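Numbering (the working numbering) for the sequence shown: 9 to 287.
Remarks on the structure that follows.
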Amino acid sequence: MTSLSASLVRGAVTSPFKHPGRPGATLPTDRLTLPAAPAAPGPLAAYRRICGFPAPESGPLPLPYPHVLAFPLAMRLMTGRDFPLPVVGLVHTWIEIRSHRPVQPGEALEPTVYAAELTPHRRGTEVTMVTEARVGGELVWESRSGYLSRHATKAETAAARVGEEAPELPAVAEWRLPGDLGRRYGAVSGDRNPIHLHPLTARLFGFPRAIAHGMWTVARCLAEADRKPGELRTVRAEFRAPVLLPATVTYAADPAGNAFALRSASGRVHLTGTVTRAL
């Protein structure tokens with residue numbers, strides 16, 4: 009958690025000197041790895057509680073949890089001097105997670121993070137960050153995440169994407185999210201980005217109120233979709249719009265439970281996703 013806080017400060021200092029969209033920008037080739045260790049029981053239990061996962065005495069890690077463990081490494085890379093995009097204003101746009109097998113809390117998990125590619129986006133430049141987790145050299149879990157740095161683009165790149173909207177899924181549950189959710193999840197995850205903590209700090213970055221962490225929203229949806237601990241194998245989630253706190257949101261899913269969405273009472277879609285399950 010200390011390294012993550014230090015990265016947030018470093019990102020605030022270095023961001024003004026970075027210029028997204030600069031021709032010829034390259035990514036650092038470093039791969040950062042944490043020493044292999046089992047999940048700490050206290051933080052894991054707190055994560056399960058705030059995200060809605062069941063808390064059995066024994067059972068596999070929630071599908072998104074290795075991302076939380078490795079996020080300080082990703083932040084260290086993205087706030088380094090050789091990383092081409094400013095971390096201030098960087099928007100998490102999507103995540104893909106694949107579990108090759110359920111990971112038990114007592115297993116010594118070794119996460120590694122690296123930057124994979126820079127790609128043009130209609131609203132700027134997007135970087136793909138990769139996280140891999142191994143146990144005894146075996147790849148047991150991996151994820152890919154997209155982070156968007158918004159800046160002016162050429163007309164042909166900036167054109168809006170054309171595509172059909174997914175059909176509206178039936179409502180399954182309604183959740184009332186408190187105004188301090190960002191502070192509570194930040195205490196559990198270590199991600200104390202100012203946009204999540206308080207209306208005053210969120211306004212500095214253009215938000216009228218604090219917003220929920222994107223990784224909390226996807227974790228809460230997966231907790232609802234996970235009928236049997238360890239059953240989920242993959243997820244692909246798209247972050248569509250921030251959730252301003254406090255809020256009342258609706259979790260929706262198809263009858264098979266393979267597609268889900270999170271939307272507001274007004275119908276605004278905040279998150280969409282799909283999952284696959286173990287056979």
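In this text, a Cβ means the ideal position worked out from N, Cα and C, and glycines have one as well.
In this text the structure is predicted, and so the values were computed from the model without any measurement.
Residue range of the unbroken beta strand (DSSP E) whose run includes residue i
| i | result |
| --- | --- |
| Ser23 | Here Ser23 belongs to no beta strand (DSSP E), and DSSP marks it neither H nor E. |
| Ser272 | 267-272 |
| Val111 | Element bounds for Val111: n/a, residue is neither H nor E. |
Counted within 10 angstroms of its Cβ, other Cβ atoms place residue i as buried (16 or more) or exposed
| i | result |
| --- | --- |
| Ser274 | exposed |
| Glu176 | exposed |
| Asp199 | buried |
| Ile105 | buried |
| Arg271 | buried |
| Thr37 | exposed |
| Val283 | buried |
| Tyr27 | Checking the sequence shown, residue 27 turns out to be His, not Tyr. With fewer than 16 other Cβ atoms within 10 Å, it is exposed. |
| Thr280 | buried |
| Leu208 | exposed |
| Arg276 | exposed |
| His108 | exposed |
| Phe213 | exposed |
| Ala179 | exposed |
| Gly32 | exposed |
| Phe268 | buried |
| Ala245 | buried |
| Thr87 | buried |
Cross-strand partners of residue i (DSSP beta bridge)
| i | result |
| --- | --- |
| Met137 | Ala123, Ser153 |
| Tyr259 | Ala181, Leu270 |
| Ala245 | Ile103, Gly281 |
| Glu176 | Answer by DSSP bridge pairing: none, since Glu176 is not bridged. |
| Gly132 | His129, Arg158 |
| Arg142 | Glu118, Leu147 |
| Ala45 | Leu117 |
| Leu240 | Arg285 |
| Leu252 | Ile219 |
| Leu40 | Val121 |
Member of the options whose CA lies at the smallest distance from the CA of residue i
| i | options | result |
| --- | --- | --- |
| Pro237 | Arg244, Glu182, Pro72, Ala220 | Pro72 |
| Pro250 | Ala218, Phe61, Lys162 | Ala218 |
| Gly187 | Thr256, Gly265, Pro70 | Thr256 |
| His304 | Ser107, Asn266, His221, Thr242 | The displayed coordinates of the chain run from 9 to 287. Any statement about residue 304 would go beyond what the structure contains. |
| Pro62 | Leu185, Ala231, Pro254 | Ala231 |
| Phe91 | Ser23, Gly154, Ala267 | Ser23 |
| Ala264 | Thr258, Arg285, Pro254, Glu246 | Arg285 |
| His159 | Leu77, Pro94, Thr225 | Pro94 |
| His75 | Asp262, Thr258, Ala227, Arg248 | Ala227 |
| Leu42 | Gly67, Met86, Leu81, Ala33 | Leu81 |
| Arg142 | Leu252, Arg84, Glu115 | Glu115 |
| Leu240 | Leu185, Leu253, Ala260, Pro68 | Pro68 |
| Phe215 | Thr225, Ile203, Glu182 | Ile203 |
| His206 | Leu156, Leu253, Ser153, Leu185 | Leu253 |
| Cys59 | Leu85, Pro110, Met223, Ala269 | Met223 |
| Leu287 | Met83, Pro70, Thr242, Arg152 | Thr242 |
Span of the alpha helix (DSSP H), counted from its first residue to its last, around residue i
| i | result |
| --- | --- |
| Glu232 | 222-233 |
| Leu81 | 73-86 |
| Val196 | 189-197 |
| Arg57 | 49-59 |
| Arg211 | 207-211 |
Any non-hydrogen atom of the ligand HEM within 8 Å of residue i CB
| i | result |
| --- | --- |
| Pro43 | Questions concerning the ligand HEM fall outside what the structure shown contains, since it holds no ligand whatsoever. |
Per the contact definition of three or more C-beta pairs closer than 8 Å, is the stretch 181-196 in contact with the stretch 136-156? no
Would the stretch 80-100 and the stretch 114-134 be scored as touching if the rule is three or more Cβ pairs under 8 Å? yes
Stretch-stretch touch, CB-based, cutoff 8 Å, three pairs: the stretch 52-60 with the stretch 143-150: no
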